[in-house]
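A short worksheet on the structure shown next.
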Amino acid sequence: MRIALHTRLKPGAEVEYEAAHRAVPAELVAAIRSAGVTDWTIWRSGSELFHVIDCAAYDVLLERLAELPVNIAWQLRMDEYLAAAHDYSAAGADAGLPVVWELNPAPVAGE
134 MRIALHTRLK PGAEVEYEAA HRAVPAELVA AIRSAGVTDW TIWRSGSELF
184 HVIDCAAYDV LLERLAELPV NIAWQLRMDE YLAAAHDYSA AGADAGLPVV
234 WELNPAPVAG E
């Protein structure tokens, strides 16, 4: 499944937030992959952050990371930078952005 999320940085936190993401702990990256994530991209426009996550099941991802010490520490660190954080608890599983439009792959000739 693919899910999109929106978060917002505190004013002036752009440099620190981006620096933090150049050094995401390897243990956290491994845990995220182990929880079924195949791709996670974050885009920034000013202080607005847009996340797109490809994963097996977003609710399972949240459940598997919820009590993990490395994730708890990471979320506390991110709280320093975020004005509007995403709810990474089980309740946040329904907080993804709704799909408005998609360009699907073009049909192959003869199919």
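Residue numbers (my numbering): 134 to 244. Even glycine gets a Cβ: it sits at the ideal position worked out from N, Cα and C.
1. Would you identify the three-state DSSP class for R166, choosing helix, strand or coil?
2. Since L236 is in the alpha helix (DSSP H), which residue starts that stretch and which ends it?
3. Near L161, which residues of its chain fall below 7 Å by C-beta distance, leaving aside the five closest residues on each side in sequence?
4. Need the endpoints of the alpha helix (DSSP H) that H219 sits in, please.
5. Among the residues of its own chain, which have a CB less than 6 Å from the CB of T171, if the five just before and after it don't count?
6. Any contact of the region 188-201 with the region 216-236, i.e. 3+ C-beta pairs under 8 Å?
7. Looking at the secondary structure, which residues open and close the beta strand (DSSP E) in which L182 lies?
8. I think E147 touches S178, with their Cβ atoms under 8 Å apart; what is that distance to the nearest whole Å?
9. What residues in its chain sit with their C-beta under 6 Å from that of R135, if we drop five residues either side in the sequence?
Walking through what the data contain:
1. Taking the sequence shown and counting its residues from 1, the one referred to as residue 166 is at position 33. For R166, the secondary structure class from DSSP, reduced to helix, strand or coil, is helix.
2. Your numbering for residue 236 matches position 103 in the sequence shown. Premise fails: L236 is in no alpha helix (DSSP H) and is neither H nor E.
3. The residue you call residue 161 lines up with position 28 of the sequence shown. These residues qualify, in order along the chain: V203, N204 and W207.
4. Stepping through the sequence shown from its first residue, residue 219 is reached at position 86. Note, H219: premise wrong, no alpha helix (DSSP H); not H, not E.
5. Within the sequence shown, the letter at position 38 stands for residue 171. If we look at T171 and ignore the five residues flanking it on each side, its Cβ neighbours are D187.
6. Output reads yes: the region 216-236 touches the region 188-201.
7. As a working note, residue 182 is residue 49 in the sequence shown. Its beta strand (DSSP E) spans residues E181 to C188.
8. Mapped onto the sequence shown, residue 147 falls at position 14. Mapped onto the sequence shown, residue 178 falls at position 45. The beta-carbon distance between E147 and S178, rounded to whole angstroms, is 11 Å. This is too long to meet the 8 Å contact definition.
9. Taking the sequence shown and counting its residues from 1, one reaches residue 135 at position 2. Result list for R135: D187, in chain order.
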